[in-house]
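K.L.:
Sequential numbering of the sequence shown, starting at 1, is according to UniProt numbering.
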Amino acid sequence: MSKAFDFSRFLDISDIANDKRNPVRESIAEIVDLLACFAKELSLGTIAETIFVLTGKEYADADIRSVAMGDHVLTGEKVTFTSQDQPPKLDYFITDTVDYPRFTVHPFDHSLSNGGDEKITYRASLLRFIDPGRFFVKLIGPTSGRMELLKRHSTFWFPAASHLKEEMACLLYDEEKRIYLRAKLSSFCGYGLGLFVLVDEDRSCVSAVKNAYLIPKTIFACPVKVFQVRLSFVRPICEHLWAAKGVQAVRNYLNNDSLEIAFTDVNMETGSGSVYANNGRDSLFDLFINTDGVLLSVDEIVSVWRRGFLGRLIPSYVDGFKLMHSAVESGVVRRFHDEREKLAYELKSKQRYSDTDFVPIAVIYYFVQMHHKTVIRCFSRNRRIRDIAEWYSDYLRYTDNIEVAAQVLEEEHACFDDHPDLSYVILGSPLKELISPRPDVAPRAS
Numbered sequence: 001m002s003k004a005f006d007f008s009r010f011l012d013i014s015d016i017a018n019d020k021r022n023p024v025r026e027s028i029a030e031i032v033d034l035l036a037c038f039a040k041e042l043s044l045g046t047i048a049e050t051i052f053v054l055t056g057k058e059y060a061d062a063d064i065r066s067v068a069m070g071d072h073v074l075t076g077e078k079v080t081f082t083s084q085d086q087p088p089k090l091d092y093f094i095t096d097t098v099d100y101p102r103f104t105v106h107p108f109d110h111s112l113s114n115g116g117d118e119k120i121t122y123r124a125s126l127l128r129f130i131d132p133g134r135f136f137v138k139l140i141g142p143t144s145g146r147m148e149l150l151k152r153h154s155t156f157w158f159p160a161a162s163h164l165k166e167e168m169a170c171l172l173y174d175e176e177k178r179i180y181l182r183a184k185l186s187s188f189c190g191y192g193l194g195l196f197v198l199v200d201e202d203r204s205c206v207s208a209v210k211n212a213y214l215i216p217k218t219i220f221a222c223p224v225k226v227f228q229v230r231l232s233f234v235r236p237i238c239e240h241l242w243a244a245k246g247v248q249a250v251r252n253y254l255n256n257d258s259l260e261i262a263f264t265d266v267n268m269e270t271g272s273g274s275v276y277a278n279n280g281r282d283s284l285f286d287l288f289i290n291t292d293g294v295l296l297s298v299d300e301i302v303s304v305w306r307r308g309f310l311g312r313l314i315p316s317y318v319d320g321f322k323l324m325h326s327a328v329e330s331g332v333v334r335r336f337h338d339e340r341e342k343l344a345y346e347l348k349s350k351q352r353y354s355d356t357d358f359v360p361i362a363v364i365y366y367f368v369q370m371h372h373k374t375v376i377r378c379f380s381r382n383r384r385i386r387d388i389a390e391w392y393s394d395y396l397r398y399t400d401n402i403e404v405a406a407q408v409l410e411e412e413h414a415c416f417d418d419h420p421d422l423s424y425v426i427l428g429s430p431l432k433e434l435i436s437p438r439p440d441v442a443p444r445a446s
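1) Classify Glu49: buried if its beta carbon has 16 or more other beta carbons within 10 angstroms, exposed otherwise.
2) Check each candidate in Ser187, Ala243 and Val53 and name the one with the smallest Cα separation from Lys151.
3) In the structure shown, what three-state DSSP assignment does Lys184 receive?
4) Measure the alpha-carbon distance for Leu295 versus Ile237 and round it to whole angstroms.
5) Contact between the segment 153-164 and the segment 282-300 is defined here as three or more beta-carbon pairs at a separation below 8 Å; is this criterion met?
6) Starting from the C-beta of Phe309, find all residues in its chain whose C-beta is less than 7 Å away, skip the five residues before and the five after it, and write them out in chain order.
7) Determine the extent of the alpha helix (DSSP H) in which Ala48 is found, giving its start and end residues.
8) Apply the 10 Å Cβ neighbour rule to Ala183 and answer buried if 16 or more other Cβ atoms are within range, or exposed otherwise.
9) Below 8 Å CB to CB, which residues in the same chain sit around Ile426 once its five sequence neighbours on both sides are set aside?
10) Here's the rule: buried if 16 or more other CB atoms are within 10 angstroms of the residue's CB, otherwise exposed. What is Thr399?
11) To the nearest angstrom, how far is the alpha carbon of Val224 from that of Ala169?
12) Taking all protein chains shown into account, do 16 or more other C-beta atoms lie within 10 angstroms of the C-beta of Ile361, making it buried, or fewer, making it exposed?
13) By a C-beta neighbour count over all protein chains shown, 10 Å radius and 16 as the cutoff for buried, is Ile179 buried or exposed?
14) My understanding is that Arg230 touches Arg134, with C-beta atoms under 8 Å, so please give their C-beta distance in whole angstroms.
15) Under a three-way DSSP split, which group does Ile426 fall into?
16) The alpha helix (DSSP H) with Gln248 in it runs from where to where?
17) Given 8 Å as the limit, is there contact between the segment 123-130 and the segment 199-216, that is, 3 or more CB pairs closer than that?
18) Over the uninterrupted alpha helix (DSSP H) stretch that includes Tyr395, give me the two end residues.
19) By Cβ distance below 8 Å, which residues in the same chain neighbour Ala406 in space, the five residues on each side in sequence not counted?
20) For the putative contact between Pro101 and Phe38, defined by C-beta atoms under 8 Å, what is the C-beta separation to the nearest angstrom?
21) Pick from Asn279, Asp387, Glu166 and Met268: whose alpha carbon is nearest that of Ser326?
22) By how many angstroms is the C-alpha of Asn252 removed from the C-alpha of Ala160?
23) So, at 7 Å on beta carbons, what are the nonlocal neighbours of Val24 in its own chain, with the 5 sequence-adjacent residues on each side left out?
24) Between which two residues does the beta strand (DSSP E) holding Phe196 run?
25) Tell me, please, which residues DSSP counts as bridged to Ile179.
26) Going by DSSP, what residue range makes up the beta strand (DSSP E) through residue 483?
27) Just curious, the alpha helix (DSSP H) that Asn290 is in, first and last residue?
28) Name the DSSP beta bridge partners of Gln228, please?
29) Using a threshold of 8 Å, state whether the C-beta atoms of Glu260 and Ala124 are closer than that.
30) Measuring only the C-alpha atoms, how far is Ile219 from Leu171?
31) Using 10 angstroms around the beta-carbon of Thr82, count the other beta-carbons present and answer buried if the total reaches 16, otherwise exposed.
32) Per DSSP, what kind of secondary structure is Lys165 in: helix, strand or coil?
33) Compare the beta carbon distance of Ser393 and Val328 with 8 Å and say whether it is the shorter of the two.
34) Cβ atoms of Asp61 and Leu44: under 8 Å apart, would you say?
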């Protein structure tokens with residue numbers, strides 16, 4: 001059999017470079033043609049940077065020159081694009097209303113694939129504090145190289161212009177910081193403005209629509225590391241109502257450069273969870289015990305204890321947790337409905353509590369203090385709890401008292417702000433007012 005004739009030795013290297021079927025040339029030409037739909041002239045360096053952002057590949061300068069000379073006009077280091085009749089192919093971008101992927105976090109007792117248990121904590125920074133049940137953290141750690149590309153200004157970013165629509169992912173250029181931020185258009189506001197949600201900072205802003213750019217799929221794919229969380233084991237007196245000292249103490253504790261958090265519960269669908277924090281200096285549970293008016297949920301503590309890792313998370317209070325677990329297992333039940341109705345009547349009786357027609361705000365704070373004193377008896381060195389069932393009964397009684405008192409005060413349209421020890425925290429409070437640096441800690445540089 002005769003061998004096939006080899007034509008390759010008659011081909012010049014330049015012929016291979018200009019061959020339309022050359023995969024390198026095809027990849028470069030595809031992006032150069034895309035650039036021609038958005039720009040009139042760019043440098044070879046900018047084209048190379050843009051190709052790297054979109055594909056993650058670096059091509060030789062000679063290859064890019066070869067494509068530019070064949071389809072467009074190359075003058076020195078500048079490429080002048082010829083007009084394109086076809087609409088741009090946006091295969092490299094997110095053009096649909098897709099949610100950003102979230103970073104996967106695991107609860108403290110997450111079992112690794114090798115069968116072992118590992119203490120899992122995450123370094124974090126406080127983004128926004130509303131109250132101990134609602135604050136936002138951003139996980140700190142090695143960032144994806146793709147995210148770092150947003151800081152490079154030698155890249156051509158593609159204006160979103162007519163491609164932009166509500167709920168669409170995009171990049172937003174911050175003119176003050178001179179940086180591109182991942183965002184989502186919430187709504188158009190008219191007059192060339194739009195309301196955008198900055199996904200990596202958990203805040204909204206109004207900006208000119210002209211500052212919005214198409215987001216490459218590779219950058220979109222980087223997970224969002226912002227979580228709305230609540231502090232584990234503490235709860236409000238009632239909705240939005242907290243002990244003022246507790247709010248201030250927790251705020252100061254979380255506003256720390258060395259903050260670490262451990263998730264006790266995670267809800268990946270909403271990007272939320274319950275966390276226990278460690279600031280590297282003080283014990284958070286010490287703060288709970290020593291701060292007057294902090295409401296601790298025995299049921300939640302016991303629920304986490306049953307999962308078998310609370311002793312490793314907070315080892316210095318293991319005996320107290322065991323006592324709480326025994327109390328919950330004792331079978332004590334909450335009071336019947338008619339008893340709660342009797343308490344509500346007594347609270348409304350001016351003969352018992354005051355000479356006015358209204359229940360004083362101080363009543364609910366008294367129950368809060370008694371609730372706190374009852375709970376921390378489990379953690380006292382000289383704990384004198386002879387009957388654990390009786391202790392748990394006291395805990396349930398004060399829990400009921402708080403709920404009934406809050407309901408009565410709400411029915412009477414009480415103003416909780418009148419009491420200096422109570423803090424009624426509403427949504428939408430300005431960031432600077434809610435996060436104040438500790439007096440002994442210098443503010444961080446922005």
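Glycine included, every Cβ here is placed at the ideal spot set by N, Cα and C. Note that the coordinates shown come from a computational prediction; the quantities given were computed from them, not determined experimentally.
P.N.:
In terms of the structure at hand:
1) By the 10 Å Cβ count, Glu49 comes out buried.
2) Ranking Ser187, Ala243 and Val53 by Cα distance to Lys151 puts Val53 first.
3) In the structure shown, Lys184 sits in a strand (DSSP, three-state: E or B).
4) One C-alpha to the other measures close to 7 Å.
5) Contact between the segment 153-164 and the segment 282-300 is absent: fewer than 3 CB-CB pairs across the two stretches fall below 8 Å.
6) Closer than 7 Å at Cβ, skipping near neighbours: Phe108 and Asp109.
7) It spans Leu44 to Thr55 - the alpha helix (DSSP H) in which Ala48 sits, taken as one unbroken run.
8) With 16 or more other Cβ atoms within 10 Å, it is buried.
9) Cβ within range, chain order: His240.
10) Under the 10 Å beta carbon count, Thr399 is surrounded by 16 or more other beta carbons and is classified as buried.
11) Taking the straight line joining both Cα atoms gives about 13 Å.
12) By the 10 Å Cβ count, Ile361 comes out buried.
13) By the neighbour-count definition (other C-beta atoms within 10 Å, threshold 16), Ile179 is an exposed residue.
14) Taking the Cβ atoms as the reference, Arg230 lies roughly 6 Å from Arg134, within the contact range of under 8 Å.
15) In this structure, Ile426 counts as coil in the three-state DSSP scheme.
16) That run of the alpha helix (DSSP H) goes Ala244 to Leu254.
17) Result yes; three or more Cβ-Cβ pairs closer than 8 Å.
18) Unbroken alpha helix (DSSP H) run through Tyr395: Ile388 to Glu411.
19) Short of 8 Å from the beta carbon of Ala406, and not among the five residues preceding or following it, lie these beta carbons of its own chain, in chain order: Ile237, Cys238, Leu241 and Ile364.
20) Actually they are not in contact, since the Cβ atoms of Pro101 and Phe38 sit about 26 Å apart, beyond 8 Å.
21) When each option's Cα is compared against that of Ser326, the closest is Asp387.
22) The straight-line gap from Cα to Cα measures roughly 41 Å.
23) Only Tyr59 and Asp63 meet the Cβ criterion.
24) Leu193 to Leu198 is the span of the beta strand (DSSP E), which, as asked, contains Phe196.
25) In the DSSP output, where bridge partners are listed per residue, Ile179 has Asp174.
26) This structure does not reach residue 483, given that the chain is present from 1 up to 446, and the question cannot be answered.
27) First-last of the alpha helix (DSSP H) with Asn290: Leu284 to Asn290.
28) As computed with DSSP, Gln228 is found in a beta bridge with Phe136 and Ser272.
29) With respect to Ala124, Glu260 sits close: the two C-beta atoms are nearer than 8 Å.
30) Cα-Cα distance, rounded: 10 Å.
31) Classified as exposed, Thr82 has fewer than 16 neighbouring CB atoms from the shown chains inside 10 Å of its CB.
32) Residue state for Lys165 is assigned as coil, using DSSP reduced to three classes.
33) Taking C-beta atoms as the reference points, Ser393 and Val328 fail to come closer than 8 Å.
34) Contact: yes.
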